[in-house]
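Structure record follows, encoded as structure tokens.
Protein chains: 2
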Amino acid sequence: MTALKYSRQRESIKSFLLSRYDHPTADTIYMNVRKEFPNISLGTVYRNLALLTDLGEIIKITTDGADRFDAHVEPHSHFICRGCHEVLDIQMEDEDFIDEEAQKKFSGRIEGHTVQYFGLCEGCLAKKDAISEQARA
Amino acid sequence: MTALKYSRQRESIKSFLLSRYDHPTADTIYMNVRKEFPNISLGTVYRNLALLTDLGEIIKITTDGADRFDAHVEPHSHFICRGCHEVLDIQMEDEDFIDEEAQKKFSGRIEGHTVQYFGLCEGCLAKKDAISEQARA
DNA sequence: TAAGAAATAGTAATTGTTACTATTATCATC
DNA sequence: GATGATAATAGTAACAATTACTATTTCTTA
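So the protein sequences, as listed, match chains E and Z.
Each residue of the first sequence is one higher than the one before, counting from 1 in this note's numbering.
Each residue of the second sequence is one higher than the one before, counting from 1001 in this note's numbering.
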């Protein structure tokens, strides 16, 4: 039953995540929370991220390289740039029906889904165009 | 320009992957290809998996734990069981329109997407029901 | 069949994450 | 407010997955 006990470190981790919209990694979170708790341990960051994820208070985004975290839990999708690997939000209205579609063809129980879009972000697209321009000259 | 050079090991890795529909990890691939090449190196497996992924001949599935690989590249989605972590295929007909929907709200270029469904597979569902049954008794 | 380059095996190093342990912080009860 | 039970912490060690390095081998082409 192990009751949950308050911790300032956990509070700080969560409020840092709430202030960010760029899906930071555990390490970035560690670097920033250290400003408030100079000797917080990286293990504490990981433990609390796992705990908050289990509680449903934050979301873990598993992608290439390190996992990323997001305290904005309203359903939304992510775009991952294959140029700079930045993770951006995409607000989709009502994707739920695809669960129902998938359920029709599946004998287990579908509880939800995640969508990751990929391509090039605005910045990388501009950079790429500049290079093609240059090659043409 | 570094020309691509044939290798029996790469061939063996690819043909093993083509024979499987359960999205094996690098380690499983290593174990199996070793039957044909007893002293193939794990590094060779990783290097070729990365190369084949870049060439678009196989797909890398990044999820909790080790990455998984799939040589069946026709567009399809994956279901990941939160009980046993098994990865199963789900064939969806024409999901492409969601790229178009997402593109409307996004200033970069969306080239594609992946969907991962989650829930409980048939086996884990049965197991869970058995436990509830027992609890009731 | 000989030369040049890519791929390999074997091993070491790196990265991201989890586990362990002695100490500290939180919280309910007095 | 002091006390005791236990959850959470800092610090460090261990771990698993993956990548990097290097001397040797294999493939290609001419």
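We treat Cβ as the ideally placed atom computed from N, Cα and C, and that holds for glycine.
Cutoff 8 Å: residue i Cβ touching any chain Z Cβ
| i | result |
| --- | --- |
| Arg68 (chain E) | no |
| Thr114 (chain E) | yes |
| Ser7 (chain E) | no |
| Cys81 (chain E) | yes |
| Glu74 (chain E) | no |
| Ser77 (chain E) | yes |
Neighbouring residues, chain E, relative to residue i (Cβ below 7 Å)
| i | result |
| --- | --- |
| Arg1020 (chain Z) | Within chain E, no residue comes near Arg1020 (chain Z); the closest Cβ sits about 20 Å away, beyond 7 Å. |
| Leu1125 (chain Z) | Gly108 and Arg109 |
| Cys1121 (chain Z) | Gly108 |
Identity of the residue in the options nearest residue i by Cα
| i | options | result |
| --- | --- | --- |
| Phe106 (chain E) | Z:Gln1103, Z:Thr1028 and Z:Leu1125 | Z:Leu1125 |
| Asp1099 (chain Z) | E:Glu11, E:His78 and E:Ile29 | E:His78 |
| Asp1070 (chain Z) | Z:Arg1008, Z:Ser1015 and Z:Ala1003 | Z:Ser1015 |
| Thr62 (chain E) | E:Leu18, E:Ser19, E:Tyr21 and E:Thr114 | E:Thr114 |
| Glu57 (chain E) | E:Gly108, E:Gly112, E:Asp64 and E:Val73 | E:Val73 |
| Asp1094 (chain Z) | Z:Gly1112, Z:Cys1084, Z:Tyr1021 and Z:Ala1130 | Z:Gly1112 |
| Gln103 (chain E) | Z:Gln1116, Z:Ala1102 and Z:Asp1096 | Z:Gln1116 |
| Lys1127 (chain Z) | Z:Gly1108, Z:Arg1010, Z:Cys1081 and Z:Lys1035 | Z:Cys1081 |
| Gly1119 (chain Z) | Z:Gly1083, Z:Ala1130 and Z:Thr1025 | Z:Gly1083 |
Residues near residue i by beta carbon distance below 7 Å, same chain, minus five either side
| i | result |
| --- | --- |
| Glu86 (chain E) | Cys121 |
| Gln91 (chain E) | His76 |
Cut-off 6 Å between Cβ atoms - residues of its own chain near residue i, not counting five sequence neighbours on either side
| i | result |
| --- | --- |
| Asp1089 (chain Z) | His1076 |
| Asp67 (chain E) | Lys60 |
The ligand PLP heavy atom lying under 7 Å from the CB of residue i
| i | result |
| --- | --- |
| Arg47 (chain E) | Questions concerning the ligand PLP fall outside what the structure shown contains, since it holds no ligand whatsoever. |
8 Å Cβ shell around residue i - same chain, five flanking residues per side excluded
| i | result |
| --- | --- |
| Ile1013 (chain Z) | Ile1029, Val1033, Val1045, Asn1048, Leu1049 and Leu1052 |
When you check each C-beta in the segment 34-66 of chain E against every C-beta of chain Z, which residues fall closer than 8 Å? Thr62, Thr63 and Asp64
To be precise: take each residue of the segment 88-117 of chain E, compare its Cβ to all Cβ atoms of chain Z, and keep it if any distance is under 8 Å. Which residues remain? Leu88, Ile90, Gln91, Met92, Glu95, Ile98, Asp99, Glu101, Ala102, Lys105, Phe106, Ser107, Gly108, Arg109, Ile110, Glu111, Gly112, His113, Thr114, Val115, Gln116 and Tyr117
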